[in-house]
Amino acid sequence: MLSITNLQAKIGDKQILNGINLEVKPGEVHAIMGPNGSGKSTLASVLAGREEYEITGGEVTYNGKDLLEFSPEDRAREGVFLAFQYPVEIPGVSTINFMKTAVNQIRKYRGQETLDAVSFLGLMKEKMKLVEIDQSLLNRSLNEGFSGGEKKRNEIFQMAMLEPKLSILDETDSGLDIDALKIVSSGVNKLRNSNNATIVVTHYQRLLEYIVPDFVHVLYKGKIVKSGGKELALELEAKGYDWIKDEVAVA
Amino acid sequence: MSTVTTSKSLSEIIGSFSSATFNEALDSRKHAVEILETKGLPAGKNEEYRFTPITRAIENVFTWKTESAPSSITSIDPFLIEGLDANVIVFVNGKYSESLSRIVSPESEVSIKSLREAFNSNIEAVNTNFNTLVNPEADSFAALNTAFWQDGLFVHVPASTRVEKPIVILHLNDAIQHQVIAHTRLLIILETGSKLSVIEKFHTTGEQASLHTFTEEIEVKENAALEYCKVQNDTGKAYQVINTNIRQADSSRVDTFTLTLGGQIIRNNFAITIAGEKCESHFNGLYMLNGNTLADNHTVVDHQKPNSFSNEMYKGVLDGNSKGVFNGKIFVRPQAQKTNAFQSNRNIALSPSSTINTKPQLEIWADDVKCSHGCTIGQLDEEAMFYLQSRGIDKSTAQGMMLYAFTAETLNTISNEVVKEYVDSLISERLHKNF
Numbered sequence: 056m057l058s059i060t061n062l063q064a065k066i067g068d069k070q071i072l073n074g075i076n077l078e079v080k081p082g083e084v085h086a087i088m089g090p091n092g093s094g095k096s097t098l099a100s101v102l103a104g105r106e107e108y109e110i111t112g113g114e115v116t117y118n119g120k121d122l123l124e125f126s127p128e129d130r131a132r133e134g135v136f137l138a139f140q141y142p143v144e145i146p147g148v149s150t151i152n153f154m155k156t157a158v159n160q161i162r163k164y165r166g167q168e169t170l171d172a173v174s175f176l177g178l179m180k181e182k183m184k185l186v187e188i189d190q191s192l193l194n195r196s197l198n199e200g201f202s203g204g205e206k207k208r209n210e211i212f213q214m215a216m217l218e219p220k221l222s223i224l225d226e227t228d229s230g231l232d233i234d235a236l237k238i239v240s241s242g243v244n245k246l247r248n249s250n251n252a253t254i255v256v257t258h259y260q261r262l263l264e265y266i267v268p269d270f271v272h273v274l275y276k277g278k279i280v281k282s283g284g285k286e287l288a289l290e291l292e293a294k295g296y297d298w299i300k301d302e303v304a305v306a
Numbered sequence: 288m289s290t291v292t293t294s295k296s297l298s299e300i301i302g303s304f305s306s307a308t309f310n311e312a313l314d315s316r317k318h319a320v321e322i323l324e325t326k327g328l329p330a331g332k333n334e335e336y337r338f339t340p341i342t343r344a345i346e347n348v349f350t351w352k353t354e355s356a357p358s359s360i361t362s363i364d365p366f367l368i369e370g371l372d373a374n375v376i377v378f379v380n381g382k383y384s385e386s387l388s389r390i391v392s393p394e395s396e397v398s399i400k401s402l403r404e405a406f407n408s409n410i411e412a413v414n415t416n417f418n419t420l421v422n423p424e425a426d427s428f429a430a431l432n433t434a435f436w437q438d439g440l441f442v443h444v445p446a447s448t449r450v451e452k453p454i455v456i457l458h459l460n461d462a463i464q465h466q467v468i469a470h471t472r473l474l475i476i477l478e479t480g481s482k483l484s485v486i487e488k489f490h491t492t493g494e495q496a497s498l499h500t501f502t503e504e505i506e507v508k509e510n511a512a513l514e515y516c517k518v519q520n521d522t523g524k525a526y527q528v529i530n531t532n533i534r535q536a537d538s539s540r541v542d543t544f545t546l547t548l549g550g551q552i553i554r555n556n557f558a559i560t561i562a563g564e565k566c567e568s569h570f571n572g573l574y575m576l577n578g579n580t581l582a583d584n585h586t587v588v589d590h591q592k593p594n595s596f597s598n599e600m601y602k603g604v605l606d607g608n609s610k611g612v613f614n615g616k617i618f619v620r621p622q623a624q625k626t627n628a629f630q631s632n633r634n635i636a637l638s639p640s641s642t643i644n645t646k647p648q649l650e651i652w653a654d655d656v657k658c659s660h661g662c663t664i665g666q667l668d669e670e671a672m673f674y675l676q677s678r679g680i681d682k683s684t685a686q687g688m689m690l691y692a693f694t695a696e697t698l699n700t701i702s703n704e705v706v707k708e709y710v711d712s713l714i715s716e717r718l719h720k721n722f
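The listed protein sequences derive, respectively, from chains A and B.
Under this note's numbering, think of the first position of the first sequence as 56, with each following residue one higher.
Under this note's numbering, think of the first position of the second sequence as 288, with each following residue one higher.
In structure tokens, the structure reads:
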């Protein structure tokens, strides 16, 4: 589904990604872990098409297409979804209106009929249950005045609405208390199936207790320096990141 | 106008005055001419018109040969607000058109007359109130207008009367064949405890240039309430200078909304004098410009008495080569203690060649007041744009959503749902709204 080869990217003069290689297949969950500043969020942003980053080398193939050629909106329409670490507050735009616009633009792109108000509302009600989000929240301006937990739940709600093939969760656990973490994780798990894949970017192992990964990759200085199964996350939790840094230094 | 002027020079414009056939308000006309002769029209060095070279444009564009050009406008349907049950007063090229106008409110509720007719009927309220709120010394275009006004509207609402249906004033300039120069007036008196809603619309048809000066005086007496909405959606080469002067007495309320979407150079001098206590004034404005339009909003709020509240919110969206100018003066006089006065002017520049000049001017002499102001000029928030795009929304729709949200709160001063819907439709059209 996703094949990243020797991906390099910089912002301004600062080189951040130094040759990432990653293969993601349908049905898989990959966790990207790493110390602060290792390039985790940059990788997520580059995949979603954030324009501040300049790609300086490498390739990203997504379902046989060159992902880097697509605009951010076309990536979304092709089924890529980024759950933001810091969801943006947009006063004056209600979540409902925003989602209706998004869903219908995506449907149009895919050659499907757009949803009328009634069908949209039906779809929305169904997805709201997944993340236990209240409609009163969705009537409000997008993320404005939302608590940290509400913002993250809104991200997963949007993910449920757009039914992506590849979801990238960028530090979705940050700012969540344990209850919110459980709700958000259970939403993500309910959306998992054999046709879609998830990349979970996180600093801590905590989230991976709820969203269990098939693979864990450690990112350090813009490169994946170690990959393993879910037990690698536990090892990182127990030992911290220093032993990885040491290994890299020795190598 | 009915005076024939063959030269662009001010002295000749004024010279033509002696040959004109004005019968009403002659003293004020003569006085205004004297002011014009002394001051002339504002040149580039004039601080109040620094960014708005309307005098130069007028000199270059207009031939002043536009003696009462005949109009081909026979239907006002394209200019009406759909679904709005209202009195409709029509001016064509500066002249009141009785045949196109439609007064539906009963005389007991409101008296609506052409200003010339009101003068000719020797109505006391006109004689005593005309030209008392406007100061031709302060603005030469007000002087020009006071000297040469062709016609106008007089509206008088008796005490304790609510005018059920709004008054829509349509200013139509037919510039299909000839240039149009029109000078019109408005005088409204809202007696104690009365209530009125006024909507003003301006339309120039045709490719020729139009110059319209419009001077408004609105007296809002004790406990009265005025709702005022101005829509400047002119196409083409429309030049406009509007002097709006509103005076509020005790416990009165004023809500205004000024929307500017088009025209060549649009100058709004908008002044509210709060001459009473416990008044409330909310005045909002929105200018969404493109092409080469220049819109200049000069506003003044003058708090003369204690315990009143004013809130001013103007917003701008500038595209193309458009220019926006905002100047907001707030005066709080020494005796106007416990005044709350707020002002904000926020702008979004969409194109690198658009410009905005914004300037708040607060002069506060009272010490126990709450006043604030803020001006911002910015671009659309890139992070927010990316957020919307990352959900599959194309860039232009995302931009439209952001701008629509940005403009929405300026409509808060419109209470009539039909009017609000109409204004909303104009904004949506400008944004190519598809969400």
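Backbone N, C-alpha and C define an ideal beta-carbon position, used for all residues, glycine too.
- Taken through DSSP and simplified to helix, strand or coil, residue 416 of chain B comes out as helix.
- With contact defined as three or more Cβ pairs closer than 8 Å, the region 255-275 of chain A and the region 164-178 of chain A are not in contact.
- In this structure, DSSP gives residue 146 of chain A an extended state, which the three-state scheme calls strand.
- As DSSP reads the structure, residue 275 of chain A sits in a beta bridge with A/278.
- Excluding the 5 residues flanking it on each side, residue 132 of chain A has same chain C-beta neighbours closer than 8 Å at 160, 161, 164, 165, in chain order.
- Ranked by how close their Cα comes to the Cα of residue 380 of chain B, the residues B/397, B/361, B/651, B/687 have B/361 in first place.
- Judged by beta-carbon spacing, residue 511 of chain B lies beyond the 8 Å limit of residue 484 of chain B, meaning their Cβ atoms are not closer than that value.
- Residues of chain A with a Cβ closer than 8 Å to the Cβ of residue 529 of chain B do not exist; the shortest Cβ-Cβ separation is about 29 Å.
- The three-state secondary structure of residue 637 of chain B, taken from DSSP, is coil.
- Of B/676, B/712, B/702, B/528, the smallest CA-CA separation from residue 156 of chain A is found for B/676.
- Contact note: residue 681 of chain B reaches chain A through 128, 160, using a C-beta cutoff of 7 Å and chain order.
- Taking a cut-off of 8 Å for Cβ pairs, the region 587-596 of chain B and the region 614-622 of chain B touch, as three or more such pairs fall below it.
- Check the Cα spacing between residue 233 of chain A and each of A/81, A/262, A/253: the tightest is with A/262.
- DSSP places residue 342 of chain B inside the alpha helix (DSSP H), whose first and last residues are 341-348.
- Listed in chain order, the non-local C-beta contacts of residue 406 of chain B below 7 Å within the same chain comprise 311, 312, 413, local neighbours out to five positions each way being set aside.
- Around the beta carbon of residue 449 of chain B, fewer than 16 other beta carbons sit within 10 angstroms, so the residue counts as exposed.
- Considered as a whole, the region 433-491 of chain B harbours 438-444, 454-461, 467-477 as its complete beta strand (DSSP E) runs of no fewer than 3 residues, in chain order.
- Collapsing the DSSP output to three states places residue 59 of chain A in a strand.
- Residue environment analysis places residue 681 of chain B among the buried positions, since at least 16 neighbouring C-beta atoms fall within 10 angstroms of its C-beta.
- For residue 301 of chain A, the enclosing alpha helix (DSSP H) begins and ends at 297-305.
- For a cut-off of 8 Å, the C-beta gap from residue 229 of chain A to residue 195 of chain A is around 22 Å, too long to register as a contact.
- Closer than 8 Å to the CB of residue 686 of chain B there is not a single CB belonging to chain A.
- The Cβ neighbour count for residue 184 of chain A, taken over all protein chains shown within 10 Å, is under 16; the residue is labelled exposed.
- Taking 8 Å as the threshold, the shortest C-beta distance from residue 678 of chain B to chain A falls below it.
- With distances taken between CA atoms, residue 78 of chain A lies nearest to A/86 out of A/174, A/71, A/86.
- With its beta carbon at least 8 Å from every one in chain B, residue 212 of chain A lies outside the interface.
- In this structure, the CA atom of residue 216 of chain A is about 11 Å from the CA atom of residue 186 of chain A.
- By the beta-carbon neighbour count (other beta carbons within 10 angstroms, threshold 16), residue 112 of chain A is exposed.
- Judged by DSSP secondary structure, residue 646 of chain B falls within the beta strand (DSSP E) whose first and last residues are 642-651.
- At a cut-off of 3 residues, not a single continuous stretch assigned as beta strand (DSSP E) sits fully inside the region 151-210 of chain A.
- Between the beta-carbon of residue 432 of chain B and that of residue 470 of chain B there is about 5 Å, and that keeps the pair under the 8 Å contact cut.
- Checking the DSSP bridge columns, you'll see residue 69 of chain A partnered with A/66.
- Straight through space, the alpha carbons of residue 505 of chain B and residue 441 of chain B are spaced by roughly 10 Å.
- At least one CB of chain A lies nearer than 8 Å to the CB of residue 670 of chain B.
- When secondary structure is reduced to three states using DSSP, residue 659 of chain B falls in the strand class.
- Setting aside the 5 residues that flank it on each side, residue 574 of chain B is surrounded in the same chain by 547, 582, 603, 611, each with a C-beta closer than 6 Å to its C-beta; the list follows chain order.
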